[in-house]
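J.: Residue numbers (this note's numbering): 716 to 1028. Here a beta-carbon is modelled for each residue, glycine too, at the ideal position from N, C-alpha and C.
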Amino acid sequence: LTNYAAAPSLGPSTDKQKQKMPFIKLVKNKSYFRRYQVKYRRRREGKTDFYARKRLIIQDKNKYNSPKYRLVVRFTNSDVVAQIIYAKITGDVVLAAAYSHELPKYGIKLGLTNYAAAYATGLLLARRVLTKLKLADKYQGETNPTGKHFVVQALEDGPKPFTVLLDVGLTRTSTGNRVFATMKGAADGGLYVPHSTRRLAGYNAQDKKFNADVLRKYIFGGHVAEYMKQLQKEDPEAYKRQFARFVKEKINPDDLEKIYKAAHAAIRKDPAHTKKASKFSGKPKRFNEKKLTQEQRKASLAKRIAALKAAAQ
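1. Starting from PHE765 and walking both ways along the alpha helix (DSSP H), at which residues does that stretch end?
2. How many Å lie between THR846 and VAL788 at the Cα?
3. For PRO860, which of LEU838, ALA851 and LEU818 has the nearest alpha-carbon?
4. Within the same chain, show all residues whose beta-carbon is closer than 7 Å to that of THR888, passing over the 5 residues directly before and after it, in chain order.
5. Applying the criterion that 16 or more other CB atoms from any shown protein chain within 10 Å of the CB defines a buried residue, is GLN798 buried or exposed?
6. On the criterion of 16 or more Cβ atoms from any shown chain inside 10 Å, does TYR784 qualify as buried, or is it exposed?
7. The alpha helix (DSSP H) with VAL962 in it runs from where to where?
8. I'd like the list of long-range same chain contacts for LEU1016, defined as Cβ closer than 6 Å, with 5 residues on each side in sequence excluded.
9. Would the beta-carbon of ALA835 fall within 9 Å of that of TYR975?
10. Measuring only the C-alpha atoms, how far is GLY900 from ARG756?
11. Which of the three DSSP states, helix, strand or coil, is assigned to GLY937?
12. Going by C-alpha distance, which of HIS864, ASP928, TYR747 and ALA869 is nearest ASP903?
13. Is it buried or exposed, VAL939, if we count other Cβ atoms within 10 angstroms and call 16 or more buried?
14. Taking the alpha-carbon of ALA692 as reference, which of GLY826, GLY891 and VAL808 has the nearest alpha-carbon?
15. In the structure shown, what three-state DSSP assignment does LYS740 receive?
16. Excluding five sequence neighbours on each side, which residues of the same chain lie with their C-beta closer than 7 Å to the C-beta of LYS1013?
17. Considering only their Cβ atoms, is the gap separating VAL753 from GLY862 smaller than 9 Å?
18. Less than 7 Å between C-beta atoms, sequence neighbours within five positions excluded: which residues of the same chain meet that for LEU848?
19. Taking only the alpha-carbon atoms, compute the straight-line gap between GLY806 and GLN774 and give it to the nearest angstrom.
20. Give me, in chain order, the residues of the same chain whose beta-carbon lies closer than 8 Å to that of ALA1027; leave out the 5 immediate sequence neighbours on both sides.
21. Check each candidate in LEU880, TYR854 and ASP882 and name the one with the smallest Cα separation from LEU870.
22. My output table needs one value for ILE974: the three-state DSSP class, helix, strand or coil.
23. Helix, strand or coil, according to DSSP, for GLY806 in the structure here?
24. Using a 10 Å radius around the Cβ and a threshold of 16 neighbouring Cβ atoms, would you call LYS1002 buried or exposed?
25. Can you tell me whether PHE765 is buried or exposed, with buried defined as 16 or more other CB within 10 angstroms of its CB?
26. So for ASN919, helix, strand or coil by DSSP?
27. Identify whether LEU716 lies in helix, strand or coil by the three-state DSSP scheme.
28. According to DSSP, what are the bridge partners of ALA785?
29. What are the residues that DSSP puts in a beta bridge with VAL795?
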């Protein structure tokens, strides 16, 4: 971008002179470039909002180095990533993580990036980190999600609830965004996440009212079931194309709520991460021949010489 400034006046100006006043281009000189300081790498790459990050990680000095924990939610084309992270001088440290590609283990085989899957991923993360911190029995959260606003309450004679702050990154925080579904899942799972209902599905910005039934419908995949029924009725061929994997798995629109309810119960029962068995057999792969020893090379040479002599005779 080029900066422009008005030319300095050499005397008393008239109205005509004001209208015809030229602009002089300000050329950036050596002093400017000597003082120029590049921005942080992740700002140059457009990956981190450091204005928001500073406010999420800076802690008061009288808190004795206790970290601020962030609920970091990111979406890819095929996955939901939810992590609890705290910052150190050397870099960020991940305390716990959950991914939507783990949901097939709990019965959610398809639609791993929709609103309901984002909620289930948040629930899985909450139960996993509370189990790790041995707070799972003390803070059960909302065991029967109805869509109503829920904030976990501290125990009178026990440890305080585990507090996390939502980190959405560069995501546009519009009402109904899936990052808030993950936040709602974490809050219902027993984590203390400061929030309101203003960005959840079911909030009407015009009336400034929140409809919990709408949010409940989204949590259990009701919006997907509605669309499936509508497409089934209007265009069966398009339904077979668009929901081909659902048809293959024999999942009907009416089955979705049962699937998500069963998944929530299974997550609460066993939120632990199970490591996949390693495919490594114990022997490293070789893409070249093993080097022969001197004795082996001599024996091979003697064998070839003998074969040549035999062929000559």
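T.: With the given structure in hand:
1. For PHE765, the enclosing alpha helix (DSSP H) begins and ends at 765-772.
2. Straight through space, the alpha carbons of VAL788 and THR846 are spaced by roughly 20 Å.
3. It is LEU838 whose Cα lies nearest to the Cα of PRO860.
4. If the five residues before and after THR888 are omitted, its C-beta is found closer than 7 Å to the C-beta atoms of ARG914, all from its own chain and listed in chain order.
5. That one is buried.
6. Result: buried.
7. That run of the alpha helix (DSSP H) goes 959-963.
8. If we look at LEU1016 and ignore the five residues flanking it on each side, it has no Cβ neighbours.
9. TYR975 is positioned such that its CB atom lies closer than 9 Å to that of ALA835.
10. Between GLY900 and ARG756, the alpha-carbon positions lie close to 33 Å from each other.
11. The answer is helix: DSSP assigns GLY937 an H, G or I state.
12. Checking every option, the nearest Cα to that of ASP903 belongs to HIS864.
13. Counting C-beta atoms within 10 angstroms of its own C-beta, VAL939 has 16 or more neighbours from the protein chains shown and is therefore classed as buried.
14. Residue 692 falls outside the range modelled here, since the chain spans only 716 to 1028, and no answer is possible.
15. Residue state, collapsed to three classes: strand.
16. Closer than 7 Å at Cβ, skipping near neighbours: no residue.
17. Not in contact: GLY862 and VAL753 (Cβ atoms no closer than 9 Å).
18. Result list for LEU848: PHE877, in chain order.
19. Roughly 15 Å separates the two Cα atoms.
20. Nothing meets the Cβ criterion.
21. Looking at LEU880, TYR854 and ASP882, the one whose alpha-carbon comes closest to that of LEU870 is TYR854.
22. Correct three-state label for ILE974: helix.
23. Assigned with DSSP and collapsed to three states, GLY806 falls in strand.
24. The sequence given here has Phe at residue 1002, not Lys. Under this definition PHE1002 is an exposed residue.
25. PHE765 is exposed by the Cβ-count criterion.
26. ASN919 falls in the strand class under three-state DSSP.
27. For LEU716, the predicted model reports a pLDDT of 46, less than 50, meaning its position is unreliable and no value from the coordinates is stated.
28. The residue you asked about is not Ala; residue 785 is Arg in the sequence shown. Beta-bridge partners of ARG785 (DSSP): ILE800 and LEU880.
29. DSSP output for VAL795 lists PHE790 as bridge partner(s).
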